[in-house]
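What follows is one structure encoded as structure tokens, with my remarks underneath.
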Amino acid sequence: MSDEPTVAVSATGEAAAAQPGQAASLRASEQMIRDALSEVYDPEIGIDVVSLGLVYGTAVDESGLLTVDMTLTSPYCPLASILQSQVHAVCAPLPGIEDVRVNLVWDPPWDPRTMASDEVKLELGIY
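Below, the structure is given as structure tokens:
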């Protein structure tokens with residue numbers, strides 16, 4: 831085994847070094863998680879879930895379980911399982927993440943006029 835430091839790279843390419851034997855304690859930051867989630871696109875709208883305002887929050891517990899609280903553009907979204915799989919796929923490789931749970935929440939209901947980024951509002955024609 832090498833004595834060289836372990837390096838974790840975020841979705842934006844930022845590197846965070848850990849000393850040998852500390853790699854397990856390296857944990858993804860909130861920004862790293864949001865950057866990863868911004869790679870998940872709503873298949874019907876074609877805009878990422880972070881910019882749409884669909885991600886309400888994230889938390890990582892002591893065991894490395896990442897819980898993502900998010901909603902969908904509609905409670906009847908037929909692609910919910912695909913979005914959940916994509917969230918898992920982009921977040922599971924992050925440092926310190928052992929498992930990912932997507933918690934779909936409906937309160938507050940998604941409203942693009944107040945929750946989407948300004949760029950998304952412009953793209954969707956919401957003023």
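For the sequence shown, the working numbering assigns the number 831 to the initial residue and increments by one for each residue that follows. We put the beta carbon where it would ideally sit given N, CA and C, even for glycine.
Beta-carbon separation (whole angstroms), valine 930 vs valine 917, contact threshold 8 Å:
Position 100 of the sequence shown, counted from the first residue, corresponds to residue 930. Position 87 of the sequence shown, counted from the first residue, corresponds to residue 917. So it is a contact: roughly 7 Å between Cβ atoms.
Tell me whether the beta-carbon of glycine 894 lies closer than 8 Å to the beta-carbon of glutamate 860.
Here residue 894 refers to the residue found at position 64 when the sequence shown is read from its first residue. Here residue 860 refers to the residue found at position 30 when the sequence shown is read from its first residue. Not in contact: glycine 894 and glutamate 860 (Cβ atoms no closer than 8 Å).
Can you tell me whether DSSP reads valine 932 as helix, strand or coil?
The residue labelled residue 932 in the question sits at position 102 within the sequence shown. Of the three classes helix, strand and coil, the one that applies to valine 932 here is strand, per DSSP.
Taking aspartate 865 as the reference, which of Leu934, Ser881, Pro908 and Leu952 has the closest Cα?
As a working mapping, residue 865 is identified with position 35 in the sequence shown. For the residues Leu934, Ser881, Pro908 and Leu952, the minimum Cα distance to aspartate 865 belongs to Ser881.
Residue range of the unbroken alpha helix (DSSP H) whose run includes alanine 866:
Walking along the sequence shown from the start, residue 866 turns up at place 36. It spans 860–867 - the alpha helix (DSSP H) in which alanine 866 sits, taken as one unbroken run.
Leucine 913 to aspartate 872, Cα distance in whole Å?
Translated into positions along the sequence shown, residue 913 becomes position 83. Translated into positions along the sequence shown, residue 872 becomes position 42. For leucine 913 and aspartate 872, the distance between alpha carbons rounds to 7 Å.
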